[in-house]
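For what it's worth, this note's numbering labels the leading residue of the sequence shown as 7, then goes sequentially. For every residue, glycine included, the Cβ atom is placed at its ideal position computed from N, Cα and C.
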Amino acid sequence: EIVGQCERLLRSPISLNYTLATLRFLFLWLTLLPFALVESFENVAINSWFEEIGLLVPSVTVLTALMFLSLEDVATQIEEPFWAQRAQLQTLAEWFSLEAAELMEIQASFNRRKATEGTVPEQAA
Numbered sequence: 007e008i009v010g011q012c013e014r015l016l017r018s019p020i021s022l023n024y025t026l027a028t029l030r031f032l033f034l035w036l037t038l039l040p041f042a043l044v045e046s047f048e049n050v051a052i053n054s055w056f057e058e059i060g061l062l063v064p065s066v067t068v069l070t071a072l073m074f075l076s077l078e079d080v081a082t083q084i085e086e087p088f089w090a091q092r093a094q095l096q097t098l099a100e101w102f103s104l105e106a107a108e109l110m111e112i113q114a115s116f117n118r119r120k121a122t123e124g125t126v127p128e129q130a131a
């Protein structure tokens with residue numbers, strides 16, 4: 007009974023609302039991150055090469071955003087691993103059905119031709 011409950015939990019999909027809420031929070035946090043980092047890195051940049059070009063806060067923000075957005079993308083793919091392939095699988099299924107219909111049409115025309123050749127009397131040589 008407990009194993010069945012665990013399997014139901016494992017197979018139940020995560021609601022789209024939770025995924026979207028997580029993504030919105032992440033974008034809000036990443037948007038506000040540079041404002042929090044300016045004061046934190048103000049004293050770090052003194053007498054360093056970052057002081058001249060001022061790239062400490064933007065570079066840390068971009069690296070942090072890259073890490074968190076990559077992690078979020080991996081989590082989304084783990085939640086539903088075949089989401090991206092559904093359209094490709096649908097296209098392949100349509101192509102296979104068209105190919106099968108074409109092959110059946112070729113087989114039917116071959117059978118009709120064979121049937122008409124068998125009914126035609128042979129001419130004497």
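Given a cut-off of 9 Å on the beta-carbon distance, is the pair VAL68 and LEU43 in contact?
Inclusion of VAL68 and LEU43 in the CB contact set at 9 Å is not warranted, their separation being larger than that value.
How is the alpha helix (DSSP H) around GLU45 delimited, first residue to last?
Note, GLU45: alpha helix (DSSP H), 22-46.
Can you tell me which of the three DSSP states SER18 falls into?
Reduced to three states, the DSSP call for SER18 is coil.
If you draw a straight line from the alpha carbon of ALA131 to that of GLU123, how long is it in whole angstroms?
With a pLDDT of only 46 at ALA131, under 50, the local geometry of the prediction cannot be trusted, and the value read off the model is given with reservation. Taking C-alpha positions only, ALA131 is separated from GLU123 by approximately 17 Å.
Contact with chain C by LEU29, beta-carbon distance below 9 Å:
You won't find chain C in this structure, because it holds only one protein chain.
Inter-residue spacing [alpha-carbon to alpha-carbon] between GLN91 and THR97
CA-to-CA, the gap between GLN91 and THR97 works out to about 10 Å.
Kindly indicate which three-state DSSP category GLU86 falls into: helix, strand or coil?
DSSP, reduced to helix, strand and coil, places GLU86 outside both helices and strands of the structure shown, so it counts as coil.
Is DSSP giving GLN96 helix, strand or coil here?
GLN96: helix per DSSP, three-state reduction.
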